[in-house]
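Residue numbers (our numbering): 1 to 130.
Ideal placement from N, C-alpha and C gives every residue a C-beta, glycine not left out.
As structure tokens, then:
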């Protein structure tokens, strides 16, 4: 398996971990009875950490399809070069770093780290273009 596909698979695992972290931190605040119910009512307010984990998950869900598409197109095209290798690694490791920074409320650093996975996607797309 190529490095790019390995990073894609690891990113899917990271997404699953983020889903579990967000779901359990939310259920811890709202109670598992509410979380296991129909959720028709208004959700109780989340703690800052639970809210940050939820927002970090949504951010992941916004970028992961773009990353997956870029990696899969590069793989299908037989395109593997330094830009696809580094791009895939920037995406994965940047997303790994982003979660604890967001959860901890790290001011500005979280936003700066957000650029690393974004750069990773851009590198893969640039590799496809040239």
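Tell whether a beta-carbon distance below 8 Å holds between residue i and residue j.
i, j, result
"residue 46", "residue 54", "yes"
"residue 63", "residue 43", "no"
"residue 142", "residue 125", "Only positions 1 to 130 of the chain appear in the structure, and residue 142 is not among them; the question remains open."
"residue 103", "residue 56", "yes"
"residue 85", "residue 3", "yes"
"residue 127", "residue 87", "yes"
"residue 49", "residue 11", "no"
"residue 71", "residue 5", "yes"
"residue 133", "residue 7", "In the structure as shown, the chain starts at 1 and stops at 130, and residue 133 therefore has no counterpart that could be examined."
"residue 113", "residue 101", "yes"
"residue 94", "residue 116", "yes"
"residue 105", "residue 52", "yes"
At which residues does the alpha helix (DSSP H) containing residue i begin and terminate?
i, result
"residue 39", "First-last for residue 39: undefined, no H or E at that position."
"residue 28", "3-30"
To test your reading of the DSSP string, which unbroken alpha helix (DSSP H) runs of 4 or more residues are found completely within the region 75-123? Listed in chain order, they are 82-104.
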